[in-house]
Amino acid sequence: MSYDLFHTVRSDLADVRKIMKIDDDVVGIGYPELLCPMELSKLDQDIRPALVLLVSKLFGFMRHKIICLAAMVQLVFLALRVHEEVTDKENSDTAAEKIAVLFGDYLYSRFFSVGAEAGLTKALRCLANIVCAHSEAKIGARGGDRNIEDQLPEENKMLFSQACRLAGEISGAETAEQQCLDNFGRYLGIGYGFLQKEAGDKALVYFEKAGNELNKLPRGEAHNSLYRLVSFLRECCSTKQLIALKG
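In case it helps, this note's numbering puts the sequence shown at residues 3 to 249.
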């Protein structure tokens, strides 16, 4: 489904992947199995960098910086996913686990390298804070009671919202528009997290909120693409549509 949803930025997504350099590097070090945690559905593979690209195109598309930002967002997501796979395994091979942890660290290093080369200092700081928040949550540093939203992975809330806000800021969005983008990304991320947990009824509430924020943003081709994404995710909230997220 995602090739329909993101066809307007398909060539840009290919450039994002080139900057990330993961495929060549992983094959080069002789551990192709490290790609297993990254065997995502097409939608899950594309949604985060596509959000960066489409939000930017609502305003002024600063191509090189935005391509780099999209790569940074995806590298953080993949690093979190690789480390999550390691910590969730009950029966783990110590040697394989060490390699996986190192690979996750490598992805973080690529994230910093891409950001530094593009001069995206603020994005580095904001996205690094997400990594810290994720680590704090995993080691129990937050403690206390948590509401249902806080039980979702941090990346579903913070990474989506920061990806949208940063893309807008880099591309010239006004302060009020940046807040709308932050809200849009947060609601979309929370809804997406619930959808992945097959809690479609809860997800729908947040997709409706995301749609309301989207309506406050500039119209155009990119807006239409974002609207199609939100509409598709709403449709996925019915049980029979959940399979679309997995294929």
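Just so you know, even glycine gets a beta-carbon here, dropped at the ideal spot from N, CA and C.
Locate the alpha helix (DSSP H) running through PRO51, then write down its first and last residues. 44-59
Would you mind working out which of LEU231, ASP184 and ARG167 sits nearest THR10, comparing C-alpha positions? LEU231
Go through the segment 180-230 residue by residue and report every complete run of the alpha helix (DSSP H) that reaches 4 residues or more, in order. 202-216
Nearest-angstrom Cα separation, counted from GLU215 out to ASP46: Their backbone Cα atoms lie some 22 Å apart in a straight line.
Nearest residue (CA-CA) to MET160, options ALA120, ARG188 and GLU176: Comparing Cα positions, the closest option is ARG188.
Three-pair Cβ contact test at 8 Å for the segment 105-113 versus the segment 47-60: no
Three or more beta-carbon pairs under 8 Å between the segment 68-82 and the segment 175-183, yes or no? no
SER58: which of CYS238, VAL103, LEU168 and LEU190 sits nearest, CA to CA? The residue with the shortest Cα to Cα distance from SER58 is LEU168.
Per-residue DSSP class, three states only, for LEU126: The three-state reading of DSSP puts LEU126 in helix, counting H, G and I together.
To which residues of the same chain is LEU206 closer than 8 Å at the C-beta, ignoring the five residues directly before and after it? GLY193, ARG236 and CYS239
What did DSSP end up calling SER233 once you bin it into helix, strand or coil? helix
CB contact flag (GLY116, LEU77, <8 Å): Correcting the residue type first, residue 116 is Val in the shown sequence and not Gly. Closer than 8 Å, so yes.
Pull up the distance between the alpha-carbon of SER227 and that of GLU99, whole angstroms please. Here the alpha carbons of GLU99 and SER227 stand approximately 39 Å from one another.
Alpha carbon to alpha carbon, how far is CYS166 from LEU122? 15 Å
Find the nearest neighbour of GLU223 within the set ILE24, PHE61, LYS23 and ALA16, judged by alpha-carbon distance. PHE61
Specify the secondary structure class of LYS23 as computed by DSSP and reduced to three states. coil
Within a Cβ cutoff of 8 Å, which residues of the same chain sit near GLY145, ignoring the five residues on either side of it in sequence? Unreliable positioning characterises GLY145 in this predicted model, as indicated by a pLDDT of 48, which lies under 50. A coordinate reading is not provided.
Is the beta carbon of PHE113 closer than 8 Å to that of MET74? yes
When the Cα atoms are used, what is the spatial distance from TYR197 to ALA135? Here residue 197 turns out to be Leu, not Tyr, going by the sequence shown. Here the alpha carbon of LEU197 sits roughly 22 Å from the alpha carbon of ALA135.
Does the beta-carbon of ALA252 have 16 or more other beta-carbons within 10 angstroms, so that it is buried, or is it exposed? Lying before the first or after the last residue shown, residue 252 is absent from the chain, which here runs from 3 to 249.
Distance CB(PHE186)-CB(ALA212) smaller than 8 Å: yes
Are ASP48 and PHE79 closer than 8 Å when you measure CB to CB? no
What's the gap between the Cα of SER43 and the Cα of ASP203? C-alpha of SER43 to C-alpha of ASP203: approximately 22 Å in a straight line.
Option nearest ALA125 by Cα separation, candidates ILE101, PHE105, ILE172 and HIS85: ILE172
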